[in-house]
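If you count the sequence shown from 1, position 250 lands on 249 in numbering that gives the first Met the number 0, and the numbers rise without skipping. Note sheet for the following structure.
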Amino acid sequence: MAGETMRFFEQVNHHFDKAAALTEFEPGLLAQIKACNTVFHVAFPVRRDDGSIEVFEGWRAQHSSHKLPTKGGIRFALTVDEDEIMALAAMMTYKCALMDVPFGGAKGGVRIDRTQYSEGELERVTRRFTFELATKNFIGPAIDVPAPDYGTGSREMAWIVDTYAAVGGHQLDAAGCVTGKPLPVGGIRGRTEATGRGVFFGIRELLKHPEITRSLGMTPGVEGKTFVVQGLGNVGYHAAKFLTEAGARMIGVAEYEGGIHGPDGIDLEKLVEHRKATGSILGFPGTTALPDRMKALELECDVLVPAALENQITEKNVDSIAARIIAEGANGPVSADANDRLLERGVMILPDIYLNAGGVTVSYFEWVKNLSHVRFGRMGRRFEELSNTRILHTVEKLTGASIDAQSFQAAIAGASEADLVDSGLEDTMIGAWHQMTECASQRSTDLRTAAYLIAIEKVAISYLDRGIFP
Ligand code: NAD
0 MAGETMRFFE
10 QVNHHFDKAA
20 ALTEFEPGLL
30 AQIKACNTVF
40 HVAFPVRRDD
50 GSIEVFEGWR
60 AQHSSHKLPT
70 KGGIRFALTV
80 DEDEIMALAA
90 MMTYKCALMD
100 VPFGGAKGGV
110 RIDRTQYSEG
120 ELERVTRRFT
130 FELATKNFIG
140 PAIDVPAPDY
150 GTGSREMAWI
160 VDTYAAVGGH
170 QLDAAGCVTG
180 KPLPVGGIRG
190 RTEATGRGVF
200 FGIRELLKHP
210 EITRSLGMTP
220 GVEGKTFVVQ
230 GLGNVGYHAA
240 KFLTEAGARM
250 IGVAEYEGGI
260 HGPDGIDLEK
270 LVEHRKATGS
280 ILGFPGTTAL
290 PDRMKALELE
300 CDVLVPAALE
310 NQITEKNVDS
320 IAARIIAEGA
330 NGPVSADAND
340 RLLERGVMIL
350 PDIYLNAGGV
360 TVSYFEWVKN
370 LSHVRFGRMG
380 RRFEELSNTR
390 ILHTVEKLTG
400 ASIDAQSFQA
410 AIAGASEADL
420 VDSGLEDTMI
430 GAWHQMTECA
440 SQRSTDLRTA
450 AYLIAIEKVA
460 ISYLDRGIFP
């Protein structure tokens with residue numbers, strides 16, 4: 000294998016091929032599932048604050064339109080190129096299939112270092128890119144639905160929906176053209192933290208598994224486990240937050256400016272405040288600075304959560320990785336060859352297409368909400384509360400017991416949108432965990448190969464069921 004020289008899309012295809020070899024589908028069908036169906040490349044001008052014009056390059060890849068719309072984030076980063084976007088789009092196809100989220104896979108991006116531009120400039124870049132997508136039919140609630148990814152967030156999603164609505168004449172379902180929006184423009188509660196929350200659920204499920212924890216020489220449960228996180232952005236911050244809340248101890252952090260080690264535990268919220276105040280994670284009390292940011296990945300810990308970008312654990316550093324579990328918050332943080340080496344060493348890898356799928360799962364809920372034009376819980380919440388009240392009053396009457404006001408209130412509460420989103424996310428992550436682990440044990444393979452295998456089977460069946468090949 001060419002090791003680190005492998006392009007990102009080739010690495011995704013390496014995982015695909017390994018799983019495809021375990022199926023009996025005909026080669027032509029597998030080739031169709033693997034191929035990236037459509038790629039759009041655009042160069043567009045934006046006026047900068049100083050009056051000059053800069054030309055940016057952007058891409059949108061629709062890897063598989065076996066289900067529509069296609070779905071996948073928009074990334075703003077200097078790493079963006081056609082290969083990266085195709086690789087990420089392919090991962091979206093497999094991720095959605097694995098999680099039973101009814102979308103084809105897509106991804107988009109603009110090659111830009113967002114730190115070098117003002118808010119106004121970023122707004123013009125986002126709006127112009129959206130205009131290009133909209134006028135070429137690469138965005139729409141029934142066509143292709145972007146979401147946040149590295150370098151973008153709810154602010155950019157609000158600019159996207161506003162531009163799309165303006166270009167498309169404000170159709171009824173315009174809000175469903177993008178997910179990850181702020182609440183007032185059609186977002187859903189729980190989307191911002193969804194990916195990190197899903198990462199936590201995946202780690203929690205793994206740590207519940209007595210056979211796995213025994214094989215790793217660990218006790219079951221999240222409490223007391225040590226972890227290191229790379230990238231304190233949307234995914235990394237929220238994963239660290241939920242792990243900390245469940246009693247795990249963060250002992251190392253890597254960010255753009257460097258890496259820190261705090262064996263006694265690093266307080267996440269205080270670290271975030273320190274970074275806001277000083278512009279850096281370095282110098283945080285109770286921690287020592289590591290020689291460089293990559294050294295954080297080599298710290299001895301139970302769980303390493305790479306949540307920045309792809310190709311962070313490669314042939315170069317794989318032999319120095321001391322974590323027992325690698326929880327892929329980012330897409331593709333472990334290169335294909337490093338992956339094989341880690342598996343040989345018995346390191347447990349929670350694969351990206353499963354572990355960070357919480358974002359697209361809740362994006363699916365947001366899209367359904369946008370198309371149905373009603374908030375989840377709106378129709379049933381009060382009814383549920385009234386039913387529960389009647390049941391409790393009957394229980395009190397029959398037993399003669401009296402329930403205190405606080406317990407009464409807690410017991411009757413109907414589900415809010417946030418409750419429903421969290422429960423739907425948890426259910427989806429747990430359901431996929433069981434599918435993946437059962438498949439891995441039946442086929443005697445690793446979790447990533449099992450995840451790809453399930454995805455390939457689902458996409459293949461969806462093609463075959465429709466008799467799509469004339
Ligand atoms: P983000 O932009 O919110 O955060 C990324 C963070 O990583 C930033 O704080 C950045 O400074 C830091 N970083 C960049 N390079 C680094 C390096 N070499 N070392 C240490 N830190 C570094 O991005 P995000 O949305 O959290 O996405 C992170 C990863 O998760 C990406 O691979 C993305 O594709 C994946 N992902 C994101 C979502 C989502 O909902 N946002 C969903 C699924 C997967």
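For each residue, glycine too, the CB sits at the ideal point set by N, CA and C. Just so it is clear, the structure is predicted and the values come from calculations on it, not from any experiment.
Neighbourhood of residue i by C-beta distance below 6 Å, restricted to the same chain and skipping five residues each side
{"i": "E299", "result": "A321"}
{"i": "G287", "result": "First, the amino acid is wrong: residue 287 is Thr here, not Gly. Cβ within range, chain order: H260."}
{"i": "A1", "result": "Residue placement at A1 is poorly supported in this model, since its pLDDT is 42, which falls under 50; the coordinates are not used for a value here."}
{"i": "V458", "result": "I32, H65, A96"}
{"i": "A133", "result": "Y163, V166"}
{"i": "I159", "result": "T129, V177"}
{"i": "E383", "result": "G413"}
{"i": "G185", "result": "A174, N369"}
{"i": "A141", "result": "P68"}
{"i": "M85", "result": "F8, C35, A60"}
{"i": "T37", "result": "Q61"}
{"i": "G358", "result": "A193, T194"}
{"i": "P262", "result": "I250"}
Beta-carbon proximity list for residue i, same chain, < 7 Å, skipping 5 on both sides
{"i": "E192", "result": "H237"}
{"i": "N12", "result": "K33"}
{"i": "R113", "result": "F75, L121, G150"}
{"i": "V302", "result": "I202, K224, F226, A322, I324, A326"}
{"i": "I453", "result": "L97, Q434, M435, C438"}
{"i": "G246", "result": "V221, E222, G223"}
Pick from the options that is closest to residue i, judged by C-alpha positions
{"i": "N330", "options": "N36, A89, I52", "result": "A89"}
{"i": "E511", "options": "A141, V166, V124", "result": "In the structure displayed, the chain extends from 0 to 469; residue 511 sits before or after that span and is not available."}
{"i": "T92", "options": "D464, K315, G466, Y451", "result": "Y451"}
{"i": "N387", "options": "Q405, A410, I138, T37", "result": "A410"}
{"i": "Y116", "options": "L341, R46, G285, D148", "result": "R46"}
{"i": "H392", "options": "F283, S406, P26", "result": "S406"}
{"i": "K471", "options": "G399, G71, G430, D336", "result": "Because the chain spans 0 through 469 in this model, residue 471 falls outside it and cannot be assessed."}
{"i": "D445", "options": "E343, K94, I52, E272", "result": "E343"}
{"i": "H169", "options": "D143, R190, G139, V144", "result": "G139"}
{"i": "S319", "options": "M293, G376, S371", "result": "M293"}
{"i": "I111", "options": "P44, G71, L215, A400", "result": "P44"}
{"i": "E254", "options": "L289, D421, R340", "result": "L289"}
{"i": "G71", "options": "G179, A276, E244, I52", "result": "G179"}
{"i": "V54", "options": "K396, D351, R127", "result": "R127"}
{"i": "S440", "options": "L341, E416, E210", "result": "E210"}
Minimum Cβ-Cβ distance from residue i to chain B less than 8 Å
{"i": "A238", "result": "Although the question refers to chain B, the structure presented lacks it and comprises just one protein chain."}
Start and end residues, beta strand (DSSP E) containing residue i
{"i": "K106", "result": "103-110"}
{"i": "V11", "result": "No beta strand (DSSP E) holds V11; the alpha helix (DSSP H) holding it covers 7-19."}
{"i": "R59", "result": "52-61"}
{"i": "H392", "result": "Segment 380-398 is the alpha helix (DSSP H) holding H392; no beta strand (DSSP E) there."}
{"i": "A245", "result": "No beta strand (DSSP E) contains A245, which DSSP labels as neither H nor E."}
{"i": "H260", "result": "257-260"}
Residue i: CB within 7 Å of a non-hydrogen atom of ligand 2
{"i": "N338", "result": "Of the ligands this structure carries, namely ligand 1, none is ligand 2."}
Other residues of its chain near residue i: CB distance less than 8 Å, five sequence neighbours each side excluded
{"i": "T360", "result": "M98, V100, A193, G197, G423, L424, T427, M428"}
{"i": "G235", "result": "G195, V228, Q229, V304, A306, A307, G328"}
{"i": "L182", "result": "R188"}
{"i": "Y462", "result": "L28, Q31, I32, H65, F468"}
{"i": "G257", "result": "S279, I280, L281, A288, L289, D291, R292"}
{"i": "M217", "result": "L206, K224, D301, R323"}
First through last residue of the alpha helix (DSSP H) which encompasses residue i
{"i": "I84", "result": "81-98"}
{"i": "P509", "result": "In the structure as shown, the chain starts at 0 and stops at 469, and residue 509 therefore has no counterpart that could be examined."}
{"i": "A146", "result": "Neither: A146 is in no alpha helix (DSSP H) and is coded neither H nor E."}
{"i": "T277", "result": "267-277"}
{"i": "M293", "result": "Segment: none, M293 is in no alpha helix (DSSP H) and carries neither H nor E."}
{"i": "P26", "result": "26-33"}
CB contact flag (residue i, residue j, <8 Å)
{"i": "V227", "j": "R203", "result": "no"}
{"i": "S362", "j": "A146", "result": "yes"}
{"i": "H14", "j": "R447", "result": "yes"}
{"i": "H62", "j": "A30", "result": "no"}
{"i": "D48", "j": "G119", "result": "yes"}
{"i": "E455", "j": "T78", "result": "Looking at the sequence provided, one finds Ile at residue 455 rather than Glu. No, the pair does not count as a contact, with Cβ atoms beyond the cut-off."}
{"i": "R274", "j": "G264", "result": "no"}
{"i": "W58", "j": "G103", "result": "no"}
{"i": "I348", "j": "V367", "result": "no"}
{"i": "K94", "j": "A449", "result": "no"}
{"i": "L267", "j": "A295", "result": "no"}
{"i": "S415", "j": "R465", "result": "no"}
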